[in-house]
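As structure tokens, the structure follows; a few thoughts come after it.
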Amino acid sequence: MADRKFRMSGGGNPRGVSVRDSDPLQFFRELVEKRKKSNKRAVRLRLLPEKHEEEILFNIGLTSVRLWNELNYEKRQLFFKNDLKPEKRIEINRRYYHKYKNFLGVNAGQVINKNEEAWESFFELLKMKRQRRLPPHIRKISPPGYWKDKITGEKKIYMLIRNDRYYLEPINKGEGRLVLKDFKLSIRYVGRIKWEGKQGRLEIIYEAGRWFAYIPIEVGEKPSKSNPKGYIMPNYKDKKNRIVDPKSIKQRDPVGDKKAFIDIGLNNLFAVVVSDGSAFLVKGGSIKSEYYWWKREISTYQAVRDLLRNAGIHRWKDYHEKYLKALYKRDERLRHLYRTAIRFLAETLWSRGVMKIYIGYPIMLSQYNGNEYNNNIWWYRKIILWMIDVFIEYGIDVEIVPEDHTSIKCSICGEIHKNGRIYRGLYICRKTNKKINADINAALNIARRIGYKITTTRKIESYLISHNGVKSLIPRQRANTRDPEVRNPAL
Ligand SMILES: [Zn+2]
Numbered sequence: 005m006a007d008r009k010f011r012m013s014g015g016g017n018p019r020g021v022s023v024r025d026s027d028p029l030q031f032f033r034e035l036v037e038k039r040k041k042s043n044k045r046a047v048r049l050r051l052l053p054e055k056h057e058e059e060i061l062f063n064i065g066l067t068s069v070r071l072w073n074e075l076n077y078e079k080r081q082l083f084f085k086n087d088l089k090p091e092k093r094i095e096i097n098r099r100y101y102h103k104y105k106n107f108l109g110v111n112a113g114q115v116i117n118k119n120e121e122a123w124e125s126f127f128e129l130l131k132m133k134r135q136r137r138l139p140p141h142i143r144k145i146s147p148p149g150y151w152k153d154k155i156t157g158e159k160k161i162y163m164l165i166r167n168d169r170y171y172l173e174p175i176n177k178g179e180g181r182l183v184l185k186d187f188k189l190s191i192r193y194v195g196r197i198k199w200e201g202k203q204g205r206l207e208i209i210y211e212a213g214r215w216f217a218y219i220p221i222e223v224g225e226k227p228s229k230s231n232p233k234g235y236i237m238p239n240y241k242d243k244k245n246r247i248v249d250p251k252s253i254k255q256r257d258p259v260g261d262k263k264a265f266i267d268i269g270l271n272n273l274f275a276v277v278v279s280d281g282s283a284f285l286v287k288g289g290s291i292k293s294e295y296y297w298w299k300r301e302i303s304t305y306q307a308v309r310d311l312l313r314n315a316g317i318h319r320w321k322d323y324h325e326k327y328l329k330a331l332y333k334r335d336e337r338l339r340h341l342y343r344t345a346i347r348f349l350a351e352t353l354w355s356r357g358v359m360k361i362y363i364g365y366p367i368m369l370s371q372y373n374g375n376e377y378n379n380n381i382w383w384y385r386k387i388i389l390w391m392i393d394v395f396i397e398y399g400i401d402v403e404i405v406p407e408d409h410t411s412i413k414c415s416i417c418g419e420i421h422k423n424g425r426i427y428r429g430l431y432i433c434r435k436t437n438k439k440i441n442a443d444i445n446a447a448l449n450i451a452r453r454i455g456y457k458i459t460t461t462r463k464i465e466s467y468l469i470s471h472n473g474v475k476s477l478i479p480r481q482r483a484n485t486r487d488p489e490v491r492n493p494a495l
């Protein structure tokens, strides 16, 4: 995706993307290594509360948010007076725990813990700043903020439930009840659960008019004796039987020792080159145009919102709602598409005997356009972390490779042709006059960086990921390393 003009989703707060020392990817690499070893998986369930249950949920959510905001306000005041000492934090935490425990029970402690975690990581960043280790595009670090919508100032609806204060009661495949012990609630949920293990701190969030529960699972871990019900069981088995043992993240071993090199993008979600010389593209079909469609929608709502707001017209909030919904929809669509693509990619590479993949990570972009880069990289990191989660299931190792100039460098002669990228995803070598798919060119450059000089076979396979699944695109016989799109407009 390096150097490309489009911009992917926004809304994140990337931290520790790169530093200006010997290894620009140090922080992300650490995150990747941690993720590879992690036995944690998160389950997302949609909650479908009845009207009266929903009222209670709103109440718990707003109370939790009030707790966070009040507590955080005091800490911020002290911090700005240079007086936020550890013993003061303890005192504040204790006081608020007692203030809120009547209504929230021990769950008040979960909000307080989360707030402490936020302050801890803020202090960590401050320390890095003092030691001049701060990643270059973190320009401003600020103490933990309030739980509210930054534009309307309205509170978010969000709650945390301690790992032993809830449990799931499955009813049938993908459906059941979430029991919140402290609030005498039993709320219907729908959602697939693939893993089993010990449950962690539950988060319930109200987003774009929907309720979601997020449950972290320590896969394969037994529940503690004091909380035997705190154990999540799978409720779903996919037809292909990909999860054989829900107690283990690793499901298979590699069947060969090949390597694969992958460039991530929006047009071609994945451009892949395998060390045996084969190459293929995983395309997102209409995703790119859809992406731009949502982008237009979003910026229209944003513009109308700001206009009305500046004119003091109350209805601006409706447009803010619409804006948030559009953001959410776009991200959901992208998320679904990428996740389908990643699953397909892992399955395909595993069956072809790949044991390790190298994913390109754009570095160059960090030198300009901070905001856009941050938005891009936020999605990019998300995709890579999803990839790790899935590839680890297949026993395939993942490594991140810094990509600089990968999209303007020529994989054929090794030089940089500034005008190498021509039309419709084609790259032309100005020395040899050979043409190649631009994203395959980028993937070949990733291989080169690792020390593999691969000559791709002339045929490039193409697969199309849609919201209904994966389709193999059969290029015409004469299709070669050029993008099939160019040769066959019907695709
Ligand atoms: Zn060249």
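Counting in the working numbering, the sequence shown runs without a single skipped number right up to 495 at its last residue.
All C-beta atoms in this analysis are idealised placements derived from N, C-alpha and C, irrespective of residue type, glycine included.
Review point. At which residue ranges does the region 393-449 contain complete beta strand (DSSP E) runs of 3 or more residues, listed in the order of the chain?
Key: Contiguous beta strand (DSSP E) elements confined to the region 393-449 occur at 401-407, 430-432, 439-441, taking only those with 3 or more residues.
Exercise for review: Closer than 8 Å by C-beta to leucine 66: which residues in its own chain qualify, once you throw out the five before and the five after it? Chain order, please.
Suggested key: Within the same chain, leucine 66 has close Cβ partners Lys159, Ile161.
Exercise for review: Check whether the Cβ atoms of isoleucine 3 and valine 36 lie closer than 8 Å to each other.
Suggested key: In the structure displayed, the chain extends from 5 to 495; residue 3 sits before or after that span and is not available.
Check your understanding: Roughly how many angstroms separate the alpha carbons of lysine 233 and aspartate 335, rounded to a whole number?
Key -> About 34 Å.
Exercise for review: State the beta-bridge partners of glycine 528 as determined by DSSP.
Suggested key: Outside the displayed range of the chain (5 to 495) lies residue 528, so it cannot be described from this structure.
Check your understanding: Across which residues does DSSP place isoleucine 268 in a beta bridge pair?
Key -> According to DSSP, which records beta bridges pairwise, isoleucine 268 is partnered with Phe274.
Practice item. Starting from leucine 184, trace the beta strand (DSSP E) both ways and give me its first and last residue. Key: First-last of the beta strand (DSSP E) with leucine 184: 179-184.
Practice item. Can you tell me the Cβ-Cβ gap for valine 286 and phenylalanine 348, rounded? I've got them flagged as a contact below 8 Å. Key: Right, the Cβ-Cβ distance comes to about 7 Å (below 8 Å), so this counts as a contact.
Review point. Are the CB atoms of leucine 468 and glycine 289 nearer to each other than 8 Å?
Key: Closer than 8 Å, so yes.
Point to revise | Same chain, Cβ closer than 8 Å to arginine 337, five either side skipped, listed in chain order | key: Here the set comprises Ile291, Glu294, Trp298, His471.
**Study point:** leucine 3 in three-state terms, based on DSSP
**Key:** The structure shown has nothing for residue 3, since the chain only spans 5 to 495.
Point to revise | threonine 460: CB within 7 Å of a non-hydrogen atom of ligand 2 | key: Of the ligands this structure carries, namely ligand 1, none is ligand 2.
Practice item. Compute the minimum distance between the beta carbon of isoleucine 440 and the heavy atoms of ligand 1, and state whether it is under 7 Å. Key: Isoleucine 440 has its Cβ no nearer than 7 Å to any heavy atom of ligand 1.
Review point. Valine 358 and valine 278: beta carbons closer than 8 Å?
Key: Closer than 8 Å, so yes.
Review point. Is it the case that the Cβ atoms of isoleucine 155 and arginine 45 are separated by a distance below 8 Å?
Key: Taking 8 Å as the Cβ cut-off, isoleucine 155 and arginine 45 do not qualify as a contacting pair.
Review point. Are the beta-carbon atoms of tyrosine 240 and glycine 178 separated by less than 8 Å?
Key: In contact: tyrosine 240 and glycine 178 (Cβ atoms closer than 8 Å).
Exercise for review: Look at the alpha carbon of proline 148 and the alpha carbon of arginine 80, and state the distance between them as a whole number of angstroms.
Suggested key: When only Cα atoms are considered, proline 148 and arginine 80 end up about 8 Å apart.
Check your understanding: Looking only at DSSP bridge pairs, what is tyrosine 467 linked to?
Key -> Note: tyrosine 467 is bridge-paired with Val286, Ser476 in the DSSP secondary-structure output.
Check your understanding: First and last residue of the alpha helix (DSSP H) that includes lysine 131?
Key -> Residues 111-134.
**Study point:** Coil, strand or helix - tryptophan 151 by DSSP
**Key:** Of the three classes helix, strand and coil, the one that applies to tryptophan 151 here is coil, per DSSP.
Review point. Helix, strand or coil for alanine 330 per DSSP?
Key: Three-state result, alanine 330: helix.
Practice item. Starting from the Cα of alanine 447, find the closest Cα among Arg385, Asp408, Pro53, Tyr235 and give me that residue. Key: Checking every option, the nearest Cα to that of alanine 447 belongs to Asp408.
**Study point:** Cα-Cα separation, arginine 134 to isoleucine 145
**Key:** Arginine 134 and isoleucine 145: Cα-Cα distance of roughly 12 Å.
Check your understanding: Looking at the unbroken beta strand (DSSP E) that takes in valine 248, where does it start and where does it end?
Key -> Neither: valine 248 is in no beta strand (DSSP E) and is coded neither H nor E.
Practice item. Please say whether leucine 49 and glycine 195 have beta carbons closer to each other than 8 Å? Key: Taking the C-beta atoms as reference points, leucine 49 is found nearer than 8 Å to glycine 195.
Point to revise | leucine 29 versus Pro406, Ile478, Ile444, residue with shortest Cα-Cα distance | key: Checked all of Pro406, Ile478, Ile444; the closest Cα to leucine 29 is Pro406.
Check your understanding: Comparing alpha-carbon positions, which option in Ser466, Gly364, Ala345 lies nearest arginine 452?
Key -> For arginine 452, the closest of Ser466, Gly364, Ala345 by C-alpha to C-alpha distance is Gly364.
Exercise for review: Reducing DSSP to helix, strand and coil, say where isoleucine 175 ends up.
Suggested key: Correct three-state label for isoleucine 175: strand.
Check your understanding: Between which two residues does the beta strand (DSSP E) carrying glutamate 211 extend?
Key -> Note, glutamate 211: beta strand (DSSP E), 206-211.
Practice item. Flag glutamate 419 as yes when its Cβ comes closer than 7 Å to any non-hydrogen atom of ligand 1, and as no otherwise. Key: Relative to ligand 1, the beta carbon of glutamate 419 is positioned inside 7 Å of a heavy atom.
Check your understanding: Which residues mark the beginning and the end of the beta strand (DSSP E) in which tyrosine 456 is found?
Key -> For tyrosine 456, there is no enclosing beta strand (DSSP E), as DSSP marks it with neither H nor E.
**Study point:** Buried or exposed (CB count within 10 angstroms, at least 16 for buried), isoleucine 478
**Key:** Answer is exposed; the Cβ neighbour count stays below 16.
Check your understanding: Roughly how many angstroms separate the alpha carbons of alanine 442 and asparagine 272, rounded to a whole number?
Key -> Roughly 10 Å separates the two Cα atoms.
Practice item. Note down, in chain order, each residue of its chain lying with its Cβ closer than 8 Å to the Cβ of glutamate 200, except the 5 sequence neighbours on either side. Key: Only Ile221, Val223, Gly224, Tyr235, Ile236, Met237, Pro238, Pro250, Lys251 meet the Cβ criterion.
**Study point:** ligand 1 heavy atom lying under 7 Å from the CB of threonine 156
**Key:** Taking non-hydrogen atoms of ligand 1 into account, the C-beta of threonine 156 is found less than 7 Å away from none of them.
Check your understanding: Does at least one heavy atom of ligand 1 sit under 7 Å from the Cβ of threonine 304?
Key -> No.
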